[in-house]
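Everything on this sheet refers to the single structure shown next.
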Amino acid sequence: MIQTLCTVDAITPLTPFVQKVLLSPQQAVDFLPGQYLQLCLTEQDKRPFSLACLPDGKQLELHIGASKADDYSSQALNYLQQQMDAKQPVMVEAGLGQAHLRPSDNPVLLLAGGTGFSYVYSMAKALQQLKQDKPVFLYWGVRQQSSLYLLDELQAWASSHSKFRFIPVVQDADDNWQGRSGLVHEAVLNDFVSLDAYDIYIAGPFPMVGVARDAFLKQGAHQQQMFADAFAYI
Ligand SMILES: Cc1cc2nc3c(=O)[nH]c(=O)nc-3n(C[C@H](O)[C@H](O)[C@H](O)COP(=O)(O)OP(=O)(O)OC[C@H]3O[C@@H](n4cnc5c(N)ncnc54)[C@H](O)[C@@H]3O)c2cc1C
Numbered sequence: 001m002i003q004t005l006c007t008v009d010a011i012t013p014l015t016p017f018v019q020k021v022l023l024s025p026q027q028a029v030d031f032l033p034g035q036y037l038q039l040c041l042t043e044q045d046k047r048p049f050s051l052a053c054l055p056d057g058k059q060l061e062l063h064i065g066a067s068k069a070d071d072y073s074s075q076a077l078n079y080l081q082q083q084m085d086a087k088q089p090v091m092v093e094a095g096l097g098q099a100h101l102r103p104s105d106n107p108v109l110l111l112a113g114g115t116g117f118s119y120v121y122s123m124a125k126a127l128q129q130l131k132q133d134k135p136v137f138l139y140w141g142v143r144q145q146s147s148l149y150l151l152d153e154l155q156a157w158a159s160s161h162s163k164f165r166f167i168p169v170v171q172d173a174d175d176n177w178q179g180r181s182g183l184v185h186e187a188v189l190n191d192f193v194s195l196d197a198y199d200i201y202i203a204g205p206f207p208m209v210g211v212a213r214d215a216f217l218k219q220g221a222h223q224q225q226m227f228a229d230a231f232a233y234i
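As structure tokens, this is what we get:
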């Protein structure tokens, strides 16, 4: 774990409810794809956010959901905005978490609910760079289609990599949505007779992570091949 001050370079909307935050650390930060950082609002108040970037860049990228004025993520975002406006740095602790990408020959299932996407995005990018010849399935569940902020990029990846499959799943789909609908973990259960062979990485709201874990175990997944930092909280 590395503790460092960071400049807040930019906060830009990905959707009306999700912001992309770019930070420049004052010290080099090393981490593994799938790890997270803690934004230190105070010495006691530290809030976790997945790193959406790869460890090779100079900047750190976060995707922070903030739909309610007073919620946990909105407070963190307000703090980042204040520090940026005041040209003051923020303190982060980076390189945290046990649910990072493992070296393995197993096919990979990446499951994201909402802003859990940030976590799987960094791993999908890392897997692309490794150019391994193994299947990678990325399921991204959101409530509305408009929350799929990187839809075009992911569809382009899927078109150009035969082993990479991207399956967006919209919970409350309207008539214009041509893709899958419902709960994202249920889409996985429908698509795989058995999850026995897969390394499975999960991030999203804690209730989703809990039901996905239990359902996937019943569908043949192995506990030791399932990874989620949320397991520590539920
Ligand atoms: C280590 C760690 C890292 C974190 N990183 C981030 C981060 O980078 N950015 C951030 O904003 N927050 C982060 N958080 C906080 C937390 O993970 C988010 O608040 C959460 O992912 C927000 O989900 P959402 O509101 O976007 O999903 P929602 O919009 O609530 O749900 C998205 C989809 O998840 C599924 N789902 C939701 N609820 C259920 C349910 N009860 N049962 C079954 N399926 C369900 C559905 O398919 C739904 O469409 C992190 C937390 C931890 C512990």
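Residue numbers (the UniProt record's numbering): 1 to 234.
Each residue gets a CB set at the ideal place from its N, CA and C atoms; glycine is no exception.
Rounded separation between residue i and residue j - CA only
{"i": "Gly114", "j": "His222", "result": "24 Å"}
{"i": "Gln145", "j": "Ala173", "result": "7 Å"}
{"i": "Tyr201", "j": "Val209", "result": "10 Å"}
{"i": "Thr42", "j": "Val90", "result": "10 Å"}
{"i": "Phe49", "j": "Gly204", "result": "11 Å"}
{"i": "Ala187", "j": "Gln171", "result": "11 Å"}
{"i": "Asp133", "j": "Asp214", "result": "29 Å"}
{"i": "Lys87", "j": "Val211", "result": "42 Å"}
{"i": "Gly65", "j": "Thr15", "result": "9 Å"}
{"i": "Ser74", "j": "Ala156", "result": "31 Å"}
{"i": "Lys58", "j": "Asp175", "result": "42 Å"}
{"i": "Leu5", "j": "Gln27", "result": "8 Å"}
{"i": "Trp177", "j": "Leu148", "result": "12 Å"}
{"i": "Asp56", "j": "Ala197", "result": "30 Å"}
{"i": "Arg143", "j": "Leu151", "result": "14 Å"}
{"i": "Ser162", "j": "Val193", "result": "21 Å"}
{"i": "Leu130", "j": "Met1", "result": "24 Å"}
Short Cβ contact (8 Å threshold) for residue i with residue j
{"i": "Gln219", "j": "Leu183", "result": "no"}
{"i": "Tyr139", "j": "Val108", "result": "no"}
{"i": "Pro13", "j": "Gln19", "result": "yes"}
{"i": "Ser122", "j": "Ala52", "result": "yes"}
{"i": "Lys125", "j": "Leu54", "result": "yes"}
{"i": "Glu93", "j": "Gln35", "result": "no"}
{"i": "Ala99", "j": "Asp229", "result": "yes"}
{"i": "Arg165", "j": "Phe137", "result": "yes"}
{"i": "Met60", "j": "Leu101", "result": "Residue identity check: residue 60 is Leu in the sequence provided, not Met. Against a cut-off of 8 Å, the Cβ pair of Leu101 and Leu60 comes out as no contact."}
{"i": "Leu62", "j": "Val29", "result": "no"}
{"i": "Leu80", "j": "Ile11", "result": "yes"}
{"i": "Val8", "j": "Gln83", "result": "yes"}
{"i": "His185", "j": "Leu110", "result": "no"}
{"i": "Ser67", "j": "Phe117", "result": "no"}
{"i": "Asn106", "j": "Gln225", "result": "yes"}
Any non-hydrogen atom of ligand 3 closer than 7 Å to residue i Cβ
{"i": "Leu217", "result": "As presented, the structure is devoid of ligand 3, carrying ligand 1 as its sole ligands."}
Neighbouring residues (CB closer than 5 Å to any heavy atom of ligand 1): Tyr36, Pro48, Phe49, Ser50, Ile64, Gly65, Ser73, Gly113, Gly114, Thr115, Gly116, Ser118, Gly141, Arg143, Gln171, Leu183, Val184, Gly204, Pro205, Pro207, Met208, Val211 and Asp229
Could you tell me which whole beta strand (DSSP E) segments of length 3 or greater appear in the region 150 to 185? Runs found: 164 to 170.
Let me know the beta strand (DSSP E) ranges lying completely inside the region 68 to 106, each 3 residues or longer, listed in chain order. 90 to 96
Note down, one range per segment and in chain order, each beta strand (DSSP E) of at least 3 residues found wholly within the region 7 to 31. 18 to 25
Ordered list of beta strand (DSSP E) runs contained in the region 178 to 227, each at least 3 residues: 199 to 203, all fully within the region 178 to 227.
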